[in-house]
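In this note's numbering, the protein residues as written are -17 to 203. Below is one structure, written out as structure tokens; comments come after it.
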Amino acid sequence: MTGREAKDTLYVQFSRLGKAVSNPKRIELLELLAQTERSVDELAAASGMDFANTSAQLQVLSRARLVEGQRQGKRVIYRLADERVPQFLAALRELSRARLAEVDQVARDYFGARDHLQPFSSAELLRRLDDPGTVVIDVRPAEEYAAGHIPGALSIPLGELKRRIAELPRASEIVAYCRGPYCVLAPQAIEILHRADLRARRLEDGFPEWRLAGLPVAAAS
């Protein structure tokens, strides 16, 4: 093999990852799997795709070795191939926001319009975890919370928040978090909390970023 052939072969392999994330729904599937492993049915429901399309997109990700599937009875359960996949997603998001004005515009239009107060940074929340005046809520689905969450966080999925809002102490500041910096669940939760006259801010990142930073993580027993 010549030097040129070696370089060409390597670039072909590198491009496999680029092709794998060239579809927006495949990126969404990776972000869903960054929360917890899931079946094809569960991923289809969470992503709004039908079963056949979800399965096809997962096979593309599997061929690029970004995800792994394991058969359990009649179901196939998918998970991320390793911890470097969330790092890859984070780098993709950061570069996209830095270089693509459209990403920054959407972020400012949607999240900026809803952030009446500065979001919590992970460092700020870490300092406040033992503060009795701070209540942290995880507004992701319960199965994602069970797979891993910020220590001390209460599991209140967004769909349950309105009927469970009385569980939250009115004297405390509430911090809501979800799947990542562009997840819409936490901003929607903050709107609900503000309408109930509760002090609330969102975490600027999500649980995967918290875990990637090596910060404390808890799991349901």
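For each residue, glycine too, the CB sits at the ideal point set by N, CA and C. None of the values given here were measured: they were computed from a predicted structure.
C-alpha gap between residue i and residue j, whole angstroms
i     : j      : result
G55   : Y92    : 42 Å
V22   : N35    : 10 Å
G30   : A(-12) : 41 Å
A38   : L12    : 14 Å
L82   : A73    : 14 Å
V85   : E76    : 10 Å
A135  : E106   : 15 Å
L40   : E142   : 30 Å
V(-6) : R8     : 20 Å
S78   : A168   : 22 Å
V3    : I132   : 28 Å
I59   : A182   : 36 Å
L150  : F102   : 18 Å
DSSP state of residue i mapped onto helix, strand, coil
i    : result
S154 : coil
E19  : coil
A105 : helix
V117 : strand
Y164 : coil
A195 : coil
R181 : coil
V58  : strand
S4   : coil
Contact set for residue i: own chain, Cβ-Cβ below 8 Å, skip 5 residues either direction
i    : result
S104 : L185, E186, D187, E191, W192, A195, L197
R57  : S21, V22, D23
A124 : S137, P139
R177 : none
Of the residues the options, the one placed nearest residue i, counting alpha carbons only
i     : options                  : result
F(-4) : E13, F70, L108           : F70
P114  : A153, T(-16), L180, E142 : A153
R66   : R79, P151, V117, V49     : V49
N5    : L14, A28, V42            : V42
R161  : R90, L150, E126          : E126
R96   : G(-15), I174, E10, K1    : I174
A171  : P163, V121, Q100         : V121
Own chain partners of residue i with C-beta closer than 6 Å, once the 5 adjacent residues on each side are dropped
i    : result
G130 : V199, A201
Close beta carbons around residue i, own chain, < 7 Å, minus the five adjacent residues each side
i     : result
R(-2) : A46
C165  : G188
query: Touching or not, the region 139 to 157 and the region 105 to 118, by the rule of three or more beta carbon pairs under 8 Å?
result: yes
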